[in-house]
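**Q** This is the structure, below, for whatever I ask next.
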Amino acid sequence: MDFKLYVITNQNIAQGKDNLEVVKEAIIGGADIIQLREKDMSTRNLVNMGNELKVITKSAEVPLIVNDRVDIALAIDADGVHLGQDDLPIKEARKMMGNDKIIGISTHSLEQAIEAAAMGADYIGVGPVFPTQTKPNYNPVGLELVEKVSQRVEIPFVAIGGIKLDNIHEVIKAGAKRVAVVSGIVGVEDIESAARSYYKNLIKCL
Ligand code: TZP
Ligand code: MG
1 MDFKLYVITN QNIAQGKDNL EVVKEAIIGG ADIIQLREKD MSTRNLVNMG
51 NELKVITKSA EVPLIVNDRV DIALAIDADG VHLGQDDLPI KEARKMMGND
101 KIIGISTHSL EQAIEAAAMG ADYIGVGPVF PTQTKPNYNP VGLELVEKVS
151 QRVEIPFVAI GGIKLDNIHE VIKAGAKRVA VVSGIVGVED IESAARSYYK
201 NLIKCL
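In terms of full-length UniProt numbering, the sequence shown is residues 1 to 206.
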């Protein structure tokens, strides 16, 4: 499993598009991993949506990751789960998911990043790098943490939070090789071309 452009859904900010359209367009533009993250959706609706999204991601051979919920990831046979620091611990998630599934975890400090790697996470998220309305109650960790993690942690990490077309180069310069994006792609009119621009900028800076 490796990826460069990680796109995370948010039906609340999509410009009149449903998640099937969002994900289709993002993948055409260059997203190479997708996360289903809908904080206000019922379990039933998440399962239904997950099953629908899987048809698209599977045919594009792009992994589909479910945010927070191991039960839903298992129910829809998703490719993996993305955990927060207060969710199921990696050890328990691994027991339930098995070794073939992807387990990612959000980290907000070097200590958390090192621990996640030691616990067997497949990748970690590092952020929010910059202030962002998508996750307003978190203190930004800044480029400093991206730099530290890139120097000290061996497993793949993805920078997330407030990453825009005009600051992506800073994140790459700090050592990131992958970025995760919500509003900069999902919240714009032309999702495909936004994803394509992110991908191009990212590749250009690597
Ligand atoms: N985790 C850390 S920041 C963030 C998440 C889910 C939100 C990123 O959203 P955006 O709109 O790309 O800043
Ligand atoms: Mg979470």
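Don't be surprised by glycine CBs; every beta carbon is placed ideally from N, CA and C.
Quick check on the DSSP output: the alpha helix (DSSP H) that includes I72 runs from which residue to which?
**A** I72 -> alpha helix (DSSP H) spans V70 to A75.
**Q** Answer yes or no: the CB of Y138 versus the heavy atoms of the ligand TZP, is any distance below 8 Å?
**A** Yes.
**Q** From the DSSP output, read off the bridge partner residues of V66.
**A** V66 pairs with L36 and V81.
**Q** Can you tell which of Y199, N45, I163 and V158 has its C-alpha closest to the C-alpha of M1?
**A** The option with the nearest alpha carbon to M1 is V158.
**Q** Of all the beta strand (DSSP E) runs that stay within the bounds of the region 78-127, which reach a length of 3 or more residues?
**A** Runs found: 80-83, 102-107 and 123-126.
**Q** What residues in its chain sit with their C-beta under 8 Å from that of I114, if we drop five residues either side in the sequence?
**A** Contacts found: R152 and V153.
**Q** Give me the DSSP bridge partner(s) of V181.
**A** For V181, which the question treats as bridged, DSSP gives the partners V7.
**Q** Using three-state DSSP, classify A159 as helix, strand or coil.
**A** DSSP places A159 in strand when its eight states are reduced to three.
**Q** With DSSP run on the structure shown, which of helix, strand or coil describes A14?
**A** A14: coil per DSSP, three-state reduction.
**Q** Given that a residue counts as buried once 16 or more other Cβ atoms are within 10 Å of its Cβ, and exposed if not, what is K101?
**A** K101 should be labelled buried.
**Q** Report yes if the C-beta distance between I105 and L74 is below 9 Å; otherwise report no.
**A** No, these two residues do not count as a Cβ contact at 9 Å.
**Q** With hydrogens ignored, establish whether the beta-carbon of D87 is closer than 8 Å to any heavy atom of the ligand MG.
**A** For the ligand MG, at least one heavy atom lies less than 8 Å from the Cβ of D87.
**Q** Candidates F3, T107, G161 and S183: which alpha carbon is nearest D32's?
**A** That would be F3, whose Cα lies nearest to the Cα of D32.
**Q** For E192, which residues from the same chain have a beta carbon less than 6 Å from its beta carbon, with the 5 sequence-adjacent residues on both sides left out?
**A** Around E192: E25, I28 and G29.
**Q** Relative to the alpha-carbon of V126, which residue among T9, G161 and L36 has its alpha-carbon at the smallest distance?
**A** Comparing Cα-Cα distances from V126 to each of T9, G161 and L36, the minimum goes to G161.
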